[in-house]
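Trainee:
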Amino acid sequence: AHFRRVQLLRARGDTRAAQEALEEAERAGGGSASVRAEQSRLREMARAERSRERELYSGIIQPSSNVKAADEAAERRARRGQLVETLALPVTGPLRALWWAAAALVSLLRRLLAVLLRLRPDGALEAVE
Numbered sequence: 005a006h007f008r009r010v011q012l013l014r015a016r017g018d019t020r021a022a023q024e025a026l027e028e029a030e031r032a033g034g035g036s037a038s039v040r041a042e043q044s045r046l047r048e049m050a051r052a053e054r055s056r057e058r059e060l061y062s063g064i065i066q067p068s069s070n071v072k073a074a075d076e077a078a079e080r081r082a083r084r085g086q087l088v089e090t091l092a093l094p095v096t097g098p099l100r101a102l103w104w105a106a107a108a109l110v111s112l113l114r115r116l117l118a119v120l121l122r123l124r125p126d127g128a129l130e131a132v133e
């Protein structure tokens with residue numbers, strides 16, 4: 005009788021009451037294979053129900069936990085960063101090229117000074133003649 009009650013409650017979709025009735029059936033009749041199979045079905049139904057509830061209430065109860073909104077916000081920030089970079093390119097592009105040219109010139113001057121000047125054994129600089 006307990007097991008039939010479990011099946012009826014499961015068919016109605018009342019997983020909590022079905023789980024309680026299944027525990028009563030276990031106490032009354034032991035753990036047969038059909039009881040274990042019914043436990044597994046009820047666990048799967050409970051998981052599916054929790055998943056539906058999470059999906060349904062995810063934006064209502066805890067808006068900060070809404071993964072879609074967080075992903076969309078990150079995508080908007082990335083697009084905004086690309087837009088700023090694109091708009092600033094007429095200024096930053098020439099400045100970047102000027103910086104690279106200055107760095108190359110400094111490197112060239114250092115090499116030239118190293119060739120023109122050489123160190124004496126005592127560590128003093130000596131001009132090349």
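5 is the number of the first residue of the sequence shown in our numbering; add one for each residue after it. Idealized CB from N, CA, C, for every residue including glycine. Bear in mind the structure is a predicted one, so any value in this text is a computation, not a measurement.
Is there contact here, the region 73-83 with the region 35-49, by at least three beta-carbon pairs under 8 Å?
Mentor: no
Trainee: Classify A118 as buried or exposed, calling it buried when 16 or more other Cβ atoms lie within 10 Å of its own Cβ.
Mentor: exposed
Trainee: What does the alpha-carbon distance come out to for the pair R80 and S111?
Mentor: Between the alpha carbons of R80 and S111 lies a distance of about 41 Å.
Trainee: To the nearest angstrom, report how far apart R8 and V71 are at their CA atoms.
Mentor: 41 Å
Trainee: Just the Cα atoms here: how many angstroms apart are L116 and W103?
Mentor: 20 Å
Trainee: Return the CA-CA distance between V10 and R51, expressed in angstroms with no decimal places.
Mentor: 17 Å
Trainee: Going by the DSSP bridge assignment, what does L102 pair with across the sheet?
Mentor: Within the DSSP bridge table, the entry for L102 names no partner.
Trainee: What number of angstroms, rounded off, separates the C-alpha of A32 from the C-alpha of E48?
Mentor: 24 Å
Trainee: Given that a residue counts as buried once 16 or more other Cβ atoms are within 10 Å of its Cβ, and exposed if not, what is A15?
Mentor: exposed
Trainee: Verify whether the separation of the beta carbon atoms of A22 and L46 is less than 7 Å.
Mentor: yes
Trainee: At which residues does the alpha helix (DSSP H) containing G33 begin and terminate?
Mentor: T19 to G33
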